[in-house]
Amino acid sequence: MTKKWWHNKVAYQIYPKSFYDSNGDGIGDIPGIISKLDYLQDLGVDIIWLSPCYQSPLADQGYDISDYYNIDPRFGTMADMDCLIAEAKKRNMYILMDLVVNHCSDEHEWFRKACEDPDGKYGNFFYLRDKKEGELPTNWRSYFGGSVWEDLPGTNKQYLHVFHKKQPDLNWENPELREEVYKNINWWLDKGLGGFRIDAIMNIKKALPFRSYEPDREDGLAGIHNMLQEARGIGEFLGEMRDRTFKKYDAFSVGEVFNEKPEEIPDFIGENGYFSSMFDFNEAICGQSPNGWYDASPVTPDDYKRACFEAQEKIGTIGFLSNIIENHDEPRGVSRYIPAGDCCNESKKMLAALNFLLRGLPFIYQGQELGMENTTFSSIEEVDDISTLDEYQVALNAGLTPEEALQSVAGHSRDNARTPMQWSDAANAGFTTGTPWLKVNPNYTSINAAAQMEDPDSVHSFYKQLIALRKNPAYSETIVYGTLEPVWKERHNLMAYYRRGEKTLLVIGNYQREEQKIVLSGMPKTVLLNNYPTLVMENGVVTMRGYQVLVLEM
Ligand code: GLC
Ligand code: CA
Numbered sequence: 016m017t018k019k020w021w022h023n024k025v026a027y028q029i030y031p032k033s034f035y036d037s038n039g040d041g042i043g044d045i046p047g048i049i050s051k052l053d054y055l056q057d058l059g060v061d062i063i064w065l066s067p068c069y070q071s072p073l074a075d076q077g078y079d080i081s082d083y084y085n086i087d088p089r090f091g092t093m094a095d096m097d098c099l100i101a102e103a104k105k106r107n108m109y110i111l112m113d114l115v116v117n118h119c120s121d122e123h124e125w126f127r128k129a130c131e132d133p134d135g136k137y138g139n140f141f142y143l144r145d146k147k148e149g150e151l152p153t154n155w156r157s158y159f160g161g162s163v164w165e166d167l168p169g170t171n172k173q174y175l176h177v178f179h180k181k182q183p184d185l186n187w188e189n190p191e192l193r194e195e196v197y198k199n200i201n202w203w204l205d206k207g208l209g210g211f212r213i214d215a216i217m218n219i220k221k222a223l224p225f226r227s228y229e230p231d232r233e234d235g236l237a238g239i240h241n242m243l244q245e246a247r248g249i250g251e252f253l254g255e256m257r258d259r260t261f262k263k264y265d266a267f268s269v270g271e272v273f274n275e276k277p278e279e280i281p282d283f284i285g286e287n288g289y290f291s292s293m294f295d296f297n298e299a300i301c302g303q304s305p306n307g308w309y310d311a312s313p314v315t316p317d318d319y320k321r322a323c324f325e326a327q328e329k330i331g332t333i334g335f336l337s338n339i340i341e342n343h344d345e346p347r348g349v350s351r352y353i354p355a356g357d358c359c360n361e362s363k364k365m366l367a368a369l370n371f372l373l374r375g376l377p378f379i380y381q382g383q384e385l386g387m388e389n390t391t392f393s394s395i396e397e398v399d400d401i402s403t404l405d406e407y408q409v410a411l412n413a414g415l416t417p418e419e420a421l422q423s424v425a426g427h428s429r430d431n432a433r434t435p436m437q438w439s440d441a442a443n444a445g446f447t448t449g450t451p452w453l454k455v456n457p458n459y460t461s462i463n464a465a466a467q468m469e470d471p472d473s474v475h476s477f478y479k480q481l482i483a484l485r486k487n488p489a490y491s492e493t494i495v496y497g498t499l500e501p502v503w504k505e506r507h508n509l510m511a512y513y514r515r516g517e518k519t520l521l522v523i524g525n526y527q528r529e530e531q532k533i534v535l536s537g538m539p540k541t542v543l544l545n546n547y548p549t550l551v552m553e554n555g556v557v558t559m560r561g562y563q564v565l566v567l568e569m
């Protein structure tokens, strides 16, 4: 495998709106990010992915872009962005922007021109169909609920939006549109970006001609996945995009890839793949139900283990997955993957180590390094996220009471990850001097960066140790390039694996509050990490304490 500059890096996702507010308007911004670069450098981060901060009406919090060449004034200016890239560079850090090109905003100039002249150049930038009374072009359900078809204002046509109606899909079949996308990517790469995280990319290829599918809910609609499953030929678009953009710059690209076909993995992330990496969502989809969030099941430790190992096995050494326990679309990993009532420093550290040392690139989502947890909602009025509002409605339609509906969607809400970063125990968690755009999680008085940075036993300090271990020249080759081999795979509430390269490392997590005994096959040479002060071992038998995690050199 050809070594690439990003292989041994550690990445960190920033959700700009909630990271740090520099001017007291309650909204995080780019100057705020710049002021926290030293914090990230101290943690050991090399690559920073920014969720969108382009000009946007923020209908989907910036994933609806109205100008790809401008920064939204709420986040700062282009000069701020240039400064961020330069300041990152000084610290040997790379900035990734979010590439949102399955759709734009309905406030983008292209869309406005399409409304003015649907048969002209820009009409063909979108998927438009003639409007027929009482009949929709297809029965697809949008990801955020309702039909994917909406009237094109001022015309007798309708447009397709697989996400929100303020996010019209771009027509990738049109070479003129593709040229615009590549021009935009190269413009940003010329500015010195390290690369991109690529949003919702599996949606760019539609199965043509459009047709309806068997309805799968009472609303008579069929989930978008039905159509996507049938789409063929996405590789032609992705290969072209790679060749015209990323490849020329040796840029890093990580795709939000779902439902790829197993035989396509080498094309996606193998040598000369479409992307440098793609996220592993196998854990995130655990327990999901086709009926909606209200019907999802909790993820058990055994489910979590199975999902991680399945993903690892699928990829093997073809390329690198990007491993996450959470992102801006997910609840907090510690609240989801640790059994209810057991969320504590030990279990948070265990989850951190088990995830971080998998083969692949570790991505940390802001606040994950503090063990930030899900928040609480006392009423649906406190919810901002459009997806949660839709799922709440779905739950009500299924017959749940408003209280039950709120309860059932709360644990899945994307707002859990979007509450402001908890910097300190000062007012508003030190995030802003104004009124935060989204309520701060009330537990900031006990979970915050300032306190944890001073505490050698904090979750933050543990993440620092994990990062330092990945970068330690003695172990880096093994952790980055070594193979992963599950061990004691069938043991209940135990997740363990070998990483084998120049060295042999054994990672063991006791995924329960009860103790558990492990018989080691040999004596460990070194204990590289332990989330407890001591290791209880007699004649090769280790007594693992509740949620203890060990990283041993064998
Ligand atoms: C991706 C983003 C999500 C957004 C959606 C539409 O899944 O991560 O936040 O809502 O795409 O752009
Ligand atoms: Ca601000």
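Take the position in the sequence shown, starting the count at 1, then add 15; the result is the number in our numbering. Quick reminder that beta carbons are idealized off the backbone N, C-alpha and C, glycines included.
- Given a length threshold of 4 residues, each whole run of the alpha helix (DSSP H) inside the stretch 77 to 127 is given here in chain order: 93 to 105.
- Closest in alpha carbon position to ALA311, among ALA129, VAL398, ALA420, ASP57, is ALA420.
- Take the alpha-carbon of ASP344 and the one of GLY138: they are about 31 Å apart.
- The C-beta of ARG247 has fewer than 16 other C-beta atoms within 10 Å across all chains shown, which makes the residue exposed.
- Take THR519, set aside five residues on each side of it, and the residues of its chain with a beta-carbon closer than 8 Å to its own are THR493, TYR513, GLU568, MET569, in chain order.
- Secondary structure at GLU131: helix, using DSSP grouped into helix, strand and coil.
- By a beta-carbon distance limit of 8 Å, LYS479 does not contact LEU65. Their separation comes to about 22 Å.
- Just so you know, the alpha carbons of SER491 and GLU279 end up roughly 29 Å apart.
- PHE141 and GLU275 have their C-alpha atoms spaced approximately 24 Å apart.
- Taking C-beta separations shorter than 7 Å and ignoring five residues to either side along the sequence, the partners of TYR83 in its chain run TYR69, ASN199, following chain order.
- Boundaries for LEU236: no alpha helix (DSSP H) harbours it, and the DSSP string shows neither H nor E there.
- The stretch 308 to 354 is shown to contain whole alpha helix (DSSP H) runs of 4 or more residues at 316 to 330, 348 to 352, in chain order.
- When rounded, the separation of the alpha-carbon atoms in THR498 and ARG429 is 33 Å.
- Listed by position in the chain, the residues whose beta carbon lies within less than 5 Å of some heavy atom of ligand 1 are ASP75, TYR78, PHE178, ASP214, ALA215, ASP344.
- With a 10 Å radius around the Cβ and a threshold of 16 neighbouring Cβ atoms, HIS475 comes out buried.
- Within the chosen limit of 7 Å, ligand 2 reaches the beta carbon of GLY43 through at least one heavy atom.
- Here the alpha carbon of MET242 sits roughly 48 Å from the alpha carbon of MET468.
- When DSSP assignments are scanned along the stretch 188 to 261, the uninterrupted stretches of alpha helix (DSSP H) that are 4 or more residues long and fall wholly within it turn out to be 190 to 205, 240 to 245, 249 to 259.
- If you check the CB distance, SER337 and PHE294 come in under 8 Å.
- DSSP links PRO471 through a beta bridge to no other residue.
- Cβ atoms of PHE283 and PHE290 come within 8 Å of each other, at about 6 Å.
- For GLN531, the uninterrupted beta strand (DSSP E) segment begins and ends at 531 to 534.
- In summary, ASP53 is exposed, with fewer than 16 beta-carbon neighbours lying within 10 Å of its beta-carbon over all protein chains present.
- Across the set ALA215, GLY555, ALA465, GLY561, the C-alpha of GLY561 shows the shortest separation from the C-alpha of PRO354.
- Scanning the stretch 35 to 76 from its first residue to its last, the whole alpha helix (DSSP H) runs of 4-plus residues come out as 45 to 50, 52 to 58.
- In this structure PRO346 does not touch ASN458 by the C-beta definition: roughly 15 Å separates them, more than the 8 Å allowed.
- By the neighbour-count definition (other C-beta atoms within 10 Å, threshold 16), ARG106 is an exposed residue.
- Distance between TRP187 and MET93, taken at the CA atoms: about 28 Å.
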